[in-house]
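Trainee:
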Amino acid sequence: MYDREMISRCVLSPFGSFYKEDQVRKELIDGYRYGVRSIVVEADQVPMLKEIEKQYGNGYTRTGMVLGYPYGGYTTDIKLKLAEYAISHGIDEVDLGVNIHAFWSNDTETMYRDLKTVVDYADGRLRIAAIAWLIRNSLENIDRIMDTFIRAGVKVIKTNPGGRFGEMKVEHIQYVHNHYPEIEIEVAGRCRSRETAERMVEAGASYFHLSSWRRMSGIGDDIQFDYDSKVADYMEYKGGTWRK
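20 is the number of the first residue of the sequence shown in the working numbering; add one for each residue after it.
1) Given this structure, state the Cα-to-Cα distance separating P89 from M130, to the nearest angstrom.
2) Under three-state DSSP, which class holds T82?
3) With distances taken from CA atoms, which of A105, K73, I164, I238 is nearest V137?
4) With F122 and I71 assumed to form a contact (beta carbons below 8 Å), what rounded beta-carbon distance in angstroms separates them?
5) What I want to know is whether the C-beta of M67 ends up closer than 7 Å to one or more non-hydrogen atoms of the ligand MN.
6) Would you kindly work out how many angstroms separate the C-alpha atoms of F184 and N77, rounded to a whole number?
7) For the beta strand (DSSP E) that R56 lies in, which residues bound it at each end?
8) Between which residues of its own chain and Y51 is the CB-CB distance below 8 Å, once the five residues before and five after are set aside?
9) Find out if the Cβ-Cβ distance for the pair V175, I192 is shorter than 8 Å.
10) With C-beta atoms as the reference, is L47 less than 8 Å away from W232?
11) Kindly list the residues whose CB is nearer than 6 Å to the CB of D133, restricted to its own chain and excluding five residues on each side of it in sequence; keep chain order.
12) Under 8 Å, do L101 and L86 count as touching if we go by C-beta distance?
13) Jot down the residue ranges of each uninterrupted alpha helix (DSSP H) in the region 109-182, minimum 4 residues, whole runs only, in chain order.
14) Using three-state DSSP, classify E103 as helix, strand or coil.
See the structure below:
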């Protein structure tokens, strides 16, 4: 995979990592400049994202917002209000947290009703990527969650909330793509090398939520949080660790 293709498959999420506002702004601007697939922010960052889009929009990069991230523990009414907020601000897509607590309590119908209500309300006005928690589910539960997603009208999944929740494997992608080929797959969860990304694309993945998007695309160092200094800064990845 060439650098250009890798960049075009990247999804940026510059929030929740102790970034300063100037760092977030730089990530947003550079995302547009390089032409990543999507930029996903928190609701309070939407005005900044839309402001930057007006100046740097490239006709390819989509705007996104998290909704009920990561556990989906908001009430359905609150999710609908956030969906309306996203729609009214011209957001293209949302990363939707499903009611995973209900699912793991074998109350699949509660998760289904909540999810279906949001999907129906969006009615095509938002591209919805539902968080599937593939890493923390057995194959039996993956089948159950995917069947529920499809029944609710979901067409896109985000495999996992992110890296701190576990490491995605190529086998996860293969399983979902082989059994549910109608579902588009966005990978999240410690994809750290171009080689792994290439194997995941071959297995059926489309896009990648990456904190290491610059390094993996061959364009520089990424922002990481240094637990010693308690500061987020651009760092180099060497020998399996991040170094300033």
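Beta carbons are placed, not taken as given, at the ideal position from N, Cα and C, and that holds for glycine.
Owing to the predicted nature of the structure, the values given are computational and were not obtained by experimental measurement.
Mentor: So, to answer that:
1) P89 and M130: Cα-Cα distance of roughly 14 Å.
2) strand
3) A105
4) In fact, because the Cβ distance is near 36 Å, the residues do not count as touching under 8 Å.
5) Judged by which ligands are present, the structure shown has none, so any question about the ligand MN falls away.
6) 32 Å
7) Run containing R56: none; DSSP gives neither H nor E here.
8) Once the five neighbours on either side are set aside, the close Cβ partners of Y51 are I58, I71, E72, Y75, G76, N77, T80.
9) no
10) no
11) Closer than 6 Å at the Cβ level, and outside the excluded window around D133, lie T95, N118.
12) Contact flag set, yes.
13) 119-123, 127-141, 158-171
14) Looking at E103 - three-state DSSP - the assignment turns out to be helix.
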